[in-house]
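Chains as they are written, first to last, in numbering that gives the first Met the number 0: chain A, 0 to 157; chain B, 0 to 290; chain C, 0 to 766.
Cβ coordinates follow ideal geometry from the N, Cα and C atoms, glycine included.
This report concerns only the one structure given below.
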Amino acid sequence: MSSRKIHCTLEVNHVEQDLLVHADETLLDVLREQLALCGTKRGCNHGVCGACNVLVDGMLVRACLMLAVEVDQRPVVTVEGLADGRGYTDIQQALVAAGAIQCGFCTPGFVMALTALFAREPRPDRDTIRNALSGNLCRCSGYVKIVEAAERLAELPR
Amino acid sequence: MEYLAPETLDDACRALASDGAYCLAGGQSLVAMMNLGLATPERLVSLRRIAALRGIETATDGALRIGAMTTHAELAGLDEGTAAASLLAQTARVVAYPAVRNRGTIGGSVALADPAADYPVALVALDGIIEIASDRGTRSVPARDFFRGMFETSLAPGEIVAAVRLPAPRPGTGVAYEKLCVVAGDFAIVSVAAVVTVEENAPGTTGARDTDIQVAVGGYGMKPILLSALGRLDDPVGAAAQQLASHGDPPGDHRASSAYRRRVTPALIERAVAAARENSRRRPLRARERS
Amino acid sequence: MDTLNGAVGTSPPRLDAMDKASGRARYADDIRLPGMLHAAVHTSPHAHARILGYRTEAARSIPGVHAVVTGADIADVRYGGIVKDESMLARGKVRYVGEPVAAVAAADVRTALRAAAAIEVDYEPLPAVLSPDAALAQDAPLLHEAFAQYVKSVDGAGHGNVVFESAISEGDVERAFAECGAVVEARWQTQAQQHVYLETNGCVADVDATGRITLYATCQSVHHLQQRVAEELAESMARIRVVATRVGGGFGGKHASNLHSIAAWLARAARRPVKLVLSRMQDFEIQRSRHPAQIWMKTGARTDGTIIARDVRMVLDGGAYADESPAVLAFALLMSRGPYRIPNVRAQGKVVYTNKLRAGSFRGFGNPQASFAGESQIDDLAVALRMDPCELRLRNAMQPNDTAFGGHAVPSCALREALTTVRDAQRAAPPLAARAGTRRGVGFAAMSHISGLMGTSATVQLRTDGSIALATGCVDLGQGADTAMVQICADLLGVPIERVSYAQQDSDISPYNWKTAGSRSTYMTGRAVATATTEMRGRMLDQAAKMMECAPSDLELRPGGAIGLVGVPKVVSFKEVALHSLFRSGGPIAATHGFVFDGPPFDPKRASIHRLAFSNLGIYTFGAHCVEVDVDMTTGKVDVRRAWCAHDVGRAINRVSCEGQIQGGFVQGMGYALTEAMHWNEDGWLTTTTLADYKVPGMLDVPAEIHPFVLEHPEPSHPMGAKGIGEPSLVGAAPAIANAIRDATGARVTTLPMMPERVLEAMEVTR
């Protein structure tokens, strides 16, 4: 049981945040509780479901498995920070247009995973898409329309 | 809970020597256990700042030294020019999920020694060596001796896995990793790593002969089971099955019963050996999770 | 009914989709209120025990703890939809490991967890029964000694550990079997499945100065939740308000449960808002599961393939409390005939108490269990008759104007088209090579379900600028009900959907709806929306007629929100109509329509019914699946390569939403079929409490190709012809896969889930 808090500075969505955290507080805890960034979801809290995906230094990670004190200087981007206040990304729009969103709880996690994918591969094929999304659970959609949305994006000139 | 992020191995080892001190590598297992209330460290020693634990070195003879903090994602992207690199890459690709692979480390996986984990199996099959650091220096333990039991290794209090070493590759060696699991990304019901070295064709002979076959089986006991010296036999798979049987009954759990593991493992060994033999033509396949 | 702009049948993006994609959508755990406390629940470590006493001083004295509640503090009330056998916290006894025994509210989550752990409870352990067989044995310990005194809304002849017994039959099975040329008989066993909505159960309870509660809850009905909490707190419903948050999946697992009353009680005691959101582990341990079932079934046909007899007996494992068990039993029996014209059917069953998590509502509601047996048996019968399984189904399939089991007339039935559609699609698909070491099999299943039951209503109002305000009590769980209702309303008024606002469900103001369940939203609430909208349209025409000094029958709606004289360009806009009504004469224009399911009752001349625990239901839907699987002959692992799923939805309000439901239901059914199972150890502890142990299908476990076919044959009793789609696609997944396994290997797997080991064992038996 931790009693002392640690001071750490996190860059989240391009904003520096000065924080006091318990050593065992995860990035997910801090994002949701201290920074009121609730777009990143807690689905299982043990790393399986993918609803807590965020980007740390451009890399897809589970916010629930990363201690806040471990983030250090690496910039964190959450679903709220993707569009930078300029509307919605083409990934978000593609998911909406394809009817790939039902209850929506898994959606931010998928958006982050797709963002990480398309940042390194502008034209992924179906297998690459499915592998990239293999760590995201969806209980509503059966996954098909999510992949269709990504395939349509892969065909667009970028 | 106390949190430390030392910058040297020595400092880390000293910090780990106290009771209730846990090592934090990628956190993909430890933080999950903490979140579930299954681990309550009094002190967390983070390895993230220790440069000595990072990096992959390839010697001129192809031997590999992989820093403990190398992530599964980094290993999955290894140039698969040698058998060892290929097997590690194949294995790394089927560990959990992409986001977990970005943070999980080979050192963390090796130190945890989950009986159903992937790396221990590959490392035993490859005759890997675990480099262990303490404040008294470093020592090396062959992988086959390092994994002692369920979550049990040769590590003493105050010791850290510093690196994993793979010996220089022998020409004509092919590898394969077969993993049987209930759902993709899960721990294995049973997994098999096969390393097959094929003698080059002598002029005038037809076909090649296996000079060496070595197989490691995971999920079959509390630690990886090594089945070796199977080359040059008429029925290497049968011999492997016999060796396996001498290790007693495999466990039964919510993934599968003991009887099932006993039943399917020989066939998986056969598949892995056949795939490794095929790959010995220096065309490494992508990891084929037995799904 | 005439429609103007075709909003119905198109697939506009869901109203809430971008909120969800951008992280803006607000779920229960996203809510923060000033002064909010956090709750934690203390649960039973025993499967069965008497509670001797509580010691809470240690918990109360922890700084930051604001309220503590145990079973000793709560009102003496038993709750239950059909059998009133449970209370919000265990009282006198605990009956399953994980049962909520006490709870605390504290300043933060850590303190709450610490305080909950510091509560001490003294128990006298009792022997427990963990299976129906054990519970039915002579001298088995009784879970509910006072069962006879419990209030029950329906008499189910419960006794001992039997909660309920039901039976339904038509014709004379004994005589009919004697006429059969082929008879098959077998037993099936199905497992406990958990909903695993991505968002766990939770709520925030707020309280005003008078102690009136407002619950923000992820739930499947604000009215039902309001009713339960009021009953458990012994309050009037006027003192409880429930507002639905965005819901992250329900599937039947987010009907009202203990945790809402617990949160409300703590909020009132602490006089502060209280958040209670379950961890994934506690959600597994505390909520509810699907009923495990043991089913014996016998089906017989004449040698020409006409199926004339079916006999069914089933035992459902209900867990520690009755919950909706009697209704699940009833529906399982009702669906056990399958969508076939079998004239002689006898279906009997019972639900049994066991010392495990209670079983309750879960997508399919008894039909998945019944259909796993029934549709597997159809294939076995086909083998016995040397007939093609799809042909056997076509030969016996229900057709329009047939009667369902129990005597309901079924005017709209596209089952034959569903079967031929998936059969032809599979045949026409480019062949897919089987993976090395596997054998390919193709399997079919047919399914039937309902979409009409209980009561609902809708209210629609005309706003000052001519836009529309629509409100229903139908909570959208993610299936797209919100958008569908708006489409219906917009369609009937000829306006774009952006001109219709849709209210959040709030028990203070939303018109009554029973629950989002039973695939009933599009049929029931959609029908209410259509009728209310049409009524309001009539009043708008009346108003316009006064304005234009003509008869309403001279007027017609024009696209875009206007009313004009037939044959003349002159129009008045909706806005002008509104202004006239608000400022000149007539008054605000609005309409409301409500009804309780009004289909024909069961037919006592046809069917003999004993204790079916629901009031009338109906509006049958039909579907068919065809799946291709590869079975690994060495490991027994089953890989579903492709699936074709055809469902008659009557009329698709939003076609893409229908497809999403079909695909999602199929995949949830794949989990039921192949990988998901809750396990309890011999002490009654649930051992599958994380997503690592409980295996939900991920992207790589499901086929990339799940082809949905949305068939449309209008249901006459719905203004748009629509009926339901939520549940059927889950129902047919397991039997289709089981039949494909049999096609590939000759092996019949009769236990779910069909894990590799079970498939291998079945193959052994066949050899």
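Leaving aside the five residues that flank Phe601 of chain C on each side, the residues in its chain whose CB is nearer than 8 Å to its CB run, in chain order, Gly405, Gly406, His407, Ile608, Leu611, Asn615.
In the DSSP assignment, Asn343 of chain C falls outside any alpha helix (DSSP H) and lies within the beta strand (DSSP E) extending over 343-352. Distances from the CA of Val174 of chain B to each of B:Ile55, B:Pro168, B:Val182, B:Val194 were compared; the closest alpha carbon is that of B:Val194.
Judged by DSSP secondary structure, Val730 of chain C falls within the alpha helix (DSSP H) whose first and last residues are 727-730. At a beta-carbon threshold of 7 Å, the residues of chain A lying near Tyr2 of chain B are Ile5, Ala22, Val68, ordered along the chain. Taking every protein chain shown into account, the CB of Gly98 of chain A has 16 or more other CB atoms within 10 angstroms, so this residue is buried. Note on the region 457-482 of chain C: whole beta strand (DSSP E) runs with a minimum of 3 residues are 467-471, in chain order. Short of 7 Å from the beta carbon of Tyr26 of chain C, and not among the five residues preceding or following it, lie these beta carbons of its own chain, in chain order: Glu198, Thr217, Thr244, Arg245, Gly247. Boundaries of the alpha helix (DSSP H) around Leu15 of chain B: 8-15.
From the beta-carbon of Gly230 of chain B, no residue of chain A is found nearer than 9 Å; the closest lies around 34 Å away. At least 8 Å separates the CB of Pro99 of chain C from every CB of chain B.
Put simply, the CB of Leu35 of chain B is near chain C, with a gap under 8 Å to one of its CB atoms.
Under DSSP, Pro124 of chain C forms a beta bridge with C:Ala48.
Contact between Leu26 of chain A and Met65 of chain A holds: CB atoms are separated by about 4 Å, below the 8 Å threshold. Residues Ala39 of the same chain have their beta carbon placed closer than 8 Å to that of Leu112 of chain C, with the five preceding and five following residues left out of the count. For Gly184 of chain B, the nearest CB of chain C lies under 8 Å from its own CB, placing it at the interface with that chain. With respect to Gln192 of chain C, Glu675 of chain C sits close: the two C-beta atoms are nearer than 8 Å. In chain order, Tyr259, Arg262, Val263 make up the part of chain B whose C-beta sits under 9 Å from the C-beta of Leu759 of chain C. Within chain A, no residue has its CB atom less than 8 Å from the CB of Arg64 of chain B, the nearest being about 24 Å off. In this structure, the alpha-carbon of Ile496 of chain C lies about 6 Å from that of Val485 of chain C. Here the alpha carbons of Leu8 of chain B and Ala50 of chain B stand approximately 9 Å from one another. Residue state for Trp264 of chain C is assigned as helix, using DSSP reduced to three classes.
Interface with chain A (8 Å Cβ-Cβ cutoff): Gln213 of chain B is excluded. Residue state for Arg415 of chain C is assigned as helix, using DSSP reduced to three classes. Note on the region 684-729 of chain C: whole beta strand (DSSP E) runs with a minimum of 3 residues are 704-710, in chain order. Classified as exposed, Val14 of chain A has fewer than 16 neighbouring CB atoms from the shown chains inside 10 Å of its CB. Its Cα nearest to that of Met762 of chain C, the residue C:Met632 stands out among C:Met632, C:Met698, C:Ser288, C:Leu581. Contact annotation: the region 740-751 of chain C does not touch the region 526-543 of chain C, with fewer than three C-beta pairs closer than 8 Å.
Cβ-Cβ distances below 7 Å link Thr688 of chain C to Met280, Phe283, Glu284 in the same chain, with the five nearest sequence neighbours on each side left out; the list follows chain order.
With fewer than 16 other beta carbons inside 10 angstroms of its own, His6 of chain A counts as exposed. Taking a C-beta cut-off of 8 Å against chain B, none of the residues of the region 458-487 of chain C qualify. C:Lys545 is the residue among C:Phe582, C:Ala577, C:Lys545 whose C-alpha sits nearest the C-alpha of Leu564 of chain C.
Collapsing the DSSP output to three states places Met296 of chain C in a strand.
Inclusion of Leu258 of chain C and Leu277 of chain C in the CB contact set at 8 Å is warranted, their separation being smaller than that value. Using a Cβ-Cβ distance cut-off of 8 Å, the region 655-672 of chain C and the region 460-475 of chain C are not in contact, since fewer than three pairs of beta carbons, one from each stretch, lie closer than that value. In terms of Cα proximity to Gly210 of chain C, the closest of C:Leu224, C:Ala229, C:Val195 is C:Ala229.
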